[in-house]
Amino acid sequence: MVSSVTRQWISIPSELIGSIPRTSELLEARIRYESDLITIEDLHKIEKKAVEQTVIELDQLTGSMVLTDGEQTKPSFLTYPIYDLVFERYTFDEQCFQIKFTDGHVRTLPRLIKAPFKYATYAYKYLEVAKRLTNKPVKQAVITASALSMVYAPHLLNSGHIDNYSHEEFLKDLTDECERDIRLCLEYGAHVVQLDFTEARLSLKVDPSGRLLKDFIAINNRVLDRFNANEQKKIGVHVCPGGDLDCCHSSDIDYTLMLPDLFQLNLTNFYLQLSSEKNRIKVLKCIQKHMKPNHRIFVGVIDPINPTIESAEMIRDQILEAAQFIPVEQLGTTDDCGFSPFADDISTSKELCYEKIKARIQGTKMAEQILNTQ
Ligand SMILES: [Zn+2]
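Count along the sequence shown starting at 1, add 1, and that's the number in this note's numbering.
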C-alpha cells in the first residue's frame, strides 16, 4: 500500500553573519567628522544613507530572506559598546589585549582604567534603524561578554588593578550589560541575536591548556543563563579563525579542540566557519558528535577572504556533504565570517560580497531541492 502521508518540505535557512564593507562616502565622512570638518548631523545623514542603501541592496540584489544593516555604523564588531567611552575610561598601552593576525597586523582592545564598566551603545540602536527599512526579518550581531572581559583582566594581562573595583565586580557589571544588549535586541524584534565569539579559537593560541576557553564559555553562559528556553531559541553564536584585511588570526589552531566546548553554550543557533577549513570532514564529524538535538547548525559555505566567487553548484555540494553529518532539519547555511568586521576593512568590494551571498542563496535552494526529493 502506498503511504498517504506526505513528507513535509524541510527548508534550509540561510543567513549572513552581519557586516558588509562600508561605503567610501561613509568612511570619508567619518574621517572628516573626527577631524572636525563636518558636524555630527552631517555624519548621521551619510550614515542613514549608507544603511538604507545596504539594506535595499541586500534585499534586492542577493535574494536574502534574513537581512542585517551591514553593520554600516558599527565602528567594529568588537568595540561598538565602549567606543564612545574610550577616551574617558580606557587607555591603549602595551598591557592591552591584542589580536595578532597572520600578516603581522594587530587589532588592540583598549584597557579599562576607570570603573565601573558600562556600555555607551547597545546594538538594538542599529537594529531599530534597519527594521524601519524592511519588512523582512532582521538579525543583529552583538559582541560576547568573553571578548569584553579582556578590557579588565589584570590576572591575565599583568595589567594594573583599578582601586576599589574587584574583578568579580567587573564581571557582574559586564554580565548585566551583555544581558541588556541581547535583551533589548530581542525586545526590538531581532530575528536572531548572534554573539560574535571570534576569540573562542584564538583563546587556544593564547592558552593551549584550554583553561581560557573554558573561562570564556563560563562567562558567556553566565549571561545566557539569564534567558529562558524560548529566548535562547532566538540566540546564536558565530565562530571563525578571525577575518580582517584578508587574513586570519587562528586558522592554525585545530578547530576540533574548540568545538566540544562551544556546544556547551546555552543557545540554539551555531554559525560556524567551514568553507575555508582544510579538512571539512574532520570538522563535520566533530560537529556530529557534539551537537545537541535542539541545535541549528549554520555551516559556512562562502569564504569572504577568497576573492573568487563560489558557484552555486560548489555550495550545493558543500551542503550535501554537510547533510551526511547534520540532520537536514537542523541544517542552515551562512558565510564563514562577516565581510568587513572592522569598519576600515575595505579589502573586499560590496559588489563581490553580494555576488557571493547570491551564490549562497542559490546553492542552498539547490541543495534543499535535492535533500527533499531524494
Ligand atoms: Zn567571523
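All residues carry an ideal CB built from backbone N, CA and C; glycine is no exception.
* Asked: Mind checking Arg133: buried by the 16 CB within 10 Å criterion, or exposed?
  -> For the purposes of this step, residue 133 is taken as residue 132 along the sequence shown, with counting starting at 1. The residue is exposed, with fewer than 16 neighbouring Cβ atoms inside 10 Å.
* Just confirm the distance between the C-beta atoms of Pro305 and Thr349, as a whole number of angstroms; I'd bet it's less than 8 Å. => Position 304 of the sequence shown holds residue 305. Position 348 of the sequence shown holds residue 349. Confirmed, about 6 Å.
* Separation of His156 from Leu273, as counted between CA atoms -> For the purposes of this step, residue 273 is taken as residue 272 along the sequence shown, with counting starting at 1. For the purposes of this step, residue 156 is taken as residue 155 along the sequence shown, with counting starting at 1. Taking the straight line joining both Cα atoms gives about 30 Å.
* To do: Answer with buried or exposed for Leu38, where buried requires no fewer than 16 other C-beta atoms within 10 angstroms of its C-beta.
  => What you label residue 38 is simply residue 37 of the sequence shown in a count that begins at 1. The residue is exposed, with fewer than 16 neighbouring Cβ atoms inside 10 Å.
* To do: Please state if the CB of Glu16 and the CB of Val67 are separated by a distance shorter than 7 Å.
  => Numbered from 1 along the sequence shown, position 66 holds the residue referred to as residue 67. Numbered from 1 along the sequence shown, position 15 holds the residue referred to as residue 16. Result yes, Cβ atoms of Val67 and Glu16 sit closer than 7 Å.
* 7 Å Cβ cutoff met for Thr122 and Tyr189 -> In the sequence shown, the residue the question calls residue 122 occupies position 121. In the sequence shown, the residue the question calls residue 189 occupies position 188. No, these two residues do not count as a Cβ contact at 7 Å.
* To do: Give the single residue among Gly161, Tyr120, Glu129 and Leu258 whose Cα lies nearest to the Cα of His95.
  => As a position in the sequence shown, residue 95 is number 94, starting the count at 1. Note on identity: in this sequence residue 95 is Glu, with His being the wrong assignment. Residue Gly161 is the option with its Cα nearest to Glu95.
* Spell out a yes or no on whether the stretch 141-150 and the stretch 189-203 are touching, meaning 3 or more CB-CB pairs, one atom from each, closer than 8 Å. => yes
* Asked: Pairing CB atoms from the stretch 108-120 with CB atoms from the stretch 85-94, are three or more of them under 8 Å?
  -> yes
* How is the beta strand (DSSP E) around Ala142 delimited, first residue to last? -> Your numbering for residue 142 matches position 141 in the sequence shown. First-last of the beta strand (DSSP E) with Ala142: Gln141 to Ile144.
* Asked: According to the neighbour-count rule (16 or more other Cβ atoms, all chains shown, within 10 Å of its Cβ), is Ser65 buried or exposed?
  -> Here the question's residue 65 lines up with position 64 in the sequence shown. That one is buried.
* **Three-state secondary structure assigned by DSSP to Val67** => As a working note, residue 67 is residue 66 in the sequence shown. In this structure, Val67 counts as coil in the three-state DSSP scheme.
* Asked: Does the beta-carbon of Phe88 have 16 or more other beta-carbons within 10 angstroms, so that it is buried, or is it exposed?
  -> Position 87 of the sequence shown, counted from the first residue, corresponds to residue 88. Exposed, because fewer than 16 other Cβ atoms sit within 10 Å of the Cβ of Phe88.
* Counted within 10 angstroms of its Cβ, other Cβ atoms place Asn270 as buried (16 or more) or exposed -> Indexing the sequence shown from 1 puts residue 270 at position 269. The residue is buried, with at least 16 neighbouring Cβ atoms inside 10 Å.
* To do: Kindly indicate which three-state DSSP category Phe88 falls into: helix, strand or coil?
  => As a first step, residue 88 is located in the sequence shown; it is residue number 87 there, counting from the start. In the structure shown, Phe88 sits in a helix (DSSP, three-state: H, G or I).
* Closest residue to Lys283 among Leu214, Glu311, Asn267 and Ala323 (Cα-Cα distance) -> What you label residue 283 is simply residue 282 of the sequence shown in a count that begins at 1. Nearest of Leu214, Glu311, Asn267 and Ala323 to Lys283, Cα basis: Ala323.
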